[in-house]
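**Student:** Convert by adding 60 to the 1-based position in the sequence shown; the result is the number in this note's numbering. Heads up, the beta-carbon is just placed ideally off N, CA and C, and yes, glycines get one too. The structure presented is a predicted model; accordingly, all values stated were derived computationally and were not measured. For reference, the structure I am asking about is given below.
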Amino acid sequence: MYTDFFKLKTKPFEMAPDPRFLFFSETHQEAFAYLQYGIIDQKGFLVLTGDIGTGKTTLLHALIKELEDNIKVAYITNPVMDTREFLSYIANSFGLERPRSKVDFLEDLSQLLHHYNRQDKRPVLIIDEAHKLTPELLEEVRLLSNIETPEKKLLTIFLVGQIEFLDLINSDECRALKQRISLRYHLDVLTEEETREYIRHRLAISRFNGFGGSIFTDDAVKEIYKYSKGYPRLINIVCDHALISAFAKGKHKIGKEIIKECISDLDMEVPKKRRSIRVSPSSSGFLSKIKVNKKAVLWTSAFASMVVGFYLLYSNGIFHKIFAAILHTFFKKGPTVG
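Below you can see the structure in the form of structure tokens.
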């Protein structure tokens, strides 16, 4: 594939949330610091929001990778489940047996968290895609924060979701939960300069070896930013598509022309040159090779004209008058006997 062509060790713009490729923009650096502080200081509830494709999940994976051994993590990637499944998933993530009831679960979890506290271990519950949570499940999550000592909360809970999650938190149903949120951070998109650095960063991680600098020209980066608006996921999609296209064309440098072609393909637009089809008599295509029988065309046209004519005569009553006149003439003269 294109990795050998561009002298890359790995594909630099894969969609998987690989923490090796995390680029610390200003907003990502701040978010990372906030989350680390929340764990160290055991702040209870922390909320991280960001639009789709801004790198929230990649940030979480990088954070988990950097955590020390005394941090015990339960990570829920998709919270679309009922209450029983939700509590069972948390129990399993912390190594507890499947709970027979909600009361049993809370008792077992409380004992475990106090045990962790005595051993100076810090449990963390991370719920990704939190905007998919129902108010009922959010209430269950809130109840988990009741497990505490007089000095601190025994469970740190990260709620990570898209920006619409804030609407859920601000609803009357979640008023009690909102009051317990200690830290909140919103992840922004990249600036144009950060987009440029983001592309360079991912190429560097992939062991990019040269060809006189970056694969993407400055004009290409501008087109990428114009299309992606700084969303890392869209940047990845366009760049990966562009690398494939450049490889197919045998080009080691990607300019704005290739980027525009890729964007057109990704948007499923029909290229202007293909929107109409002109058939030339001198064309060597399939249509020009079809031989037309001119006599057959003339006879077909004449027959069609006759059919239309008879139909018009019939529909206007003229055909009936002509036929009646012929019969009248025939019977008036009588038959001729030779």
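1. Return no unless some Cβ of chain D is closer than 9 Å to the Cβ of I295.
2. Please report the straight-line C-alpha distance between S266 and I314, rounded to a whole angstrom.
3. Take C234 and list the residues in its own chain whose beta-carbon comes closer than 7 Å to its own, dropping the five residues that flank it on each side.
4. Does the segment 96 to 114 come within contact of the segment 218 to 226, defined as at least 3 CB pairs closer than 8 Å?
5. Is R404 helix, strand or coil by DSSP?
6. Within its chain, find whatever has a CB closer than 7 Å to the CB of Q239; leave out the 5 residues flanking it on each side and keep chain order.
7. Below 7 Å CB to CB, which residues in the same chain sit around L120 once its five sequence neighbours on both sides are set aside?
8. Any chance the segment 77 to 95 sits against the segment 117 to 137, with 3 or more Cβ pairs inside 8 Å?
9. Quick one: Cα of E200 to Cα of T216, how far?
10. With distances taken from CA atoms, which of V133, V140, S161, L166 is nearest V184?
11. Can you tell me which of L108, V281, S161, I150 puts its alpha carbon nearest to the alpha carbon of E90?
12. Starting from the C-beta of K316, find all residues in its chain whose C-beta is less than 6 Å away, skip the five residues before and the five after it, and write them out in chain order.
13. Suppose the cutoff is 7 Å on Cβ atoms and the five residues either side in sequence are ignored; what does the same chain contact list for D64 look like?
14. Among all the DSSP beta bridges, which residues are the ones paired with L185?
15. Indicate whether I207 and L169 have their beta-carbon atoms separated by less than 9 Å.
16. Kindly indicate the opening and closing residues of the alpha helix (DSSP H) around R158.
17. Are the CB atoms of F66 and F307 within a distance shorter than 9 Å?
18. Among the candidates R182, I150, L303, whose CA atom is the shortest distance from the CA of I131?
19. Within the continuous alpha helix (DSSP H) that includes F65, where are the two ends?
20. Going by other Cβ atoms of all chains shown within 10 Å of its Cβ, with 16 needed for buried, is T70 buried or exposed?
21. When the Cα atoms are used, what is the spatial distance from T277 to Y135?
22. With 16 other CB atoms within 10 Å as the buried threshold, where does F100 fall?
23. Specify, as a first and last residue, the run of the beta strand (DSSP E) that L119 falls within.
24. Touching or not, the segment 142 to 162 and the segment 252 to 263, by the rule of three or more beta carbon pairs under 8 Å?
25. Specify the secondary structure class of L193 as computed by DSSP and reduced to three states.
**Tutor:** Quick answer:
1. Here chain D cannot be found, since the structure has a single protein chain.
2. Mapped onto the sequence shown, residue 266 falls at position 206. Mapped onto the sequence shown, residue 314 falls at position 254. Their backbone Cα atoms lie some 17 Å apart in a straight line.
3. Your numbering for residue 234 matches position 174 in the sequence shown. Excluding residues within five positions, the ones whose Cβ falls inside 7 Å are P195, L198, L228.
4. Contact holds: three or more Cβ-Cβ distances are below 8 Å.
5. Within the shown structure, residues of the chain are numbered from 61 to 398, placing residue 404 beyond reach of any answer.
6. For the purposes of this step, residue 239 is identified with residue 179 of the sequence shown, where counting begins at 1. None.
7. Locating residue 120 in the sequence shown gives position 60, counting from the first residue. Closer than 7 Å at Cβ, skipping near neighbours: I186, D188, V220.
8. Three or more Cβ pairs drawn from the segment 77 to 95 and the segment 117 to 137 lie within less than 8 Å of each other, which places the two stretches in contact.
9. For the purposes of this step, residue 200 is taken as residue 140 along the sequence shown, with counting starting at 1. For the purposes of this step, residue 216 is taken as residue 156 along the sequence shown, with counting starting at 1. Distance between the alpha carbons of E200 and T216: 14 Å.
10. What you label residue 184 is simply residue 124 of the sequence shown in a count that begins at 1. Of V133, V140, S161, L166, the residue nearest in Cα terms is V133.
11. Here residue 90 refers to the residue found at position 30 of the sequence shown. Closest option to E90, judged by alpha-carbon separation, among L108, V281, S161, I150: L108.
12. Counted from its first residue, the sequence shown places residue 316 at position 256. Only D279, A280, E283 meet the Cβ criterion.
13. For this step, residue 64 is matched to residue 4 along the sequence shown. Excluding positions up to five away in sequence, the list is empty.
14. Working through the sequence shown from its first residue, we reach residue 185 at position 125. According to DSSP, which records beta bridges pairwise, L185 is partnered with A134, I217.
15. The sequence position of residue 207 within the sequence shown is 147, counting from 1. The sequence position of residue 169 within the sequence shown is 109, counting from 1. Contact annotation: I207 and L169 have beta-carbon atoms nearer than 9 Å.
16. Sequence index remark: in the sequence shown, residue 158 carries index 98 (1-based). No alpha helix (DSSP H) holds R158; DSSP gives it neither H nor E.
17. Here the question's residue 307 lines up with position 247 in the sequence shown. Here the question's residue 66 lines up with position 6 in the sequence shown. Yes; because the gap between Cβ atoms is below 9 Å, this pair is in contact.
18. In the sequence shown, residue 131 corresponds to position 71, counting from 1. Check the Cα spacing between I131 and each of R182, I150, L303: the tightest is with R182.
19. Position 5 of the sequence shown, counted from the first residue, corresponds to residue 65. Looking at the DSSP string, the run of the alpha helix (DSSP H) that includes F65 is 62 to 65.
20. Residue mapping note: residue 70 aligns to position 10 of the sequence shown, counting from 1. A residue is called buried when at least 16 other Cβ atoms come within 10 angstroms of its Cβ; T70 does not meet this threshold and is exposed.
21. Counting from 1 along the sequence shown, the entry for residue 277 is found at position 217. Counting from 1 along the sequence shown, the entry for residue 135 is found at position 75. T277 and Y135 have their C-alpha atoms some 40 Å from each other.
22. Counting from one through the sequence shown, the residue named residue 100 turns up at place 40. The displayed chain sequence assigns Ile, not Phe, to residue 100. The residue in question, I100, is exposed, as its Cβ has fewer than 16 Cβ neighbours within 10 Å.
23. Looking up residue 119 in the sequence shown gives position 59. First-last for L119: 116 to 126, but that is the alpha helix (DSSP H), not the beta strand (DSSP E).
24. Between the segment 142 to 162 and the segment 252 to 263, the count of Cβ pairs shorter than 8 Å is below three; the stretches do not touch.
25. Position 133 of the sequence shown holds residue 193. Coil at L193, not helix or strand.
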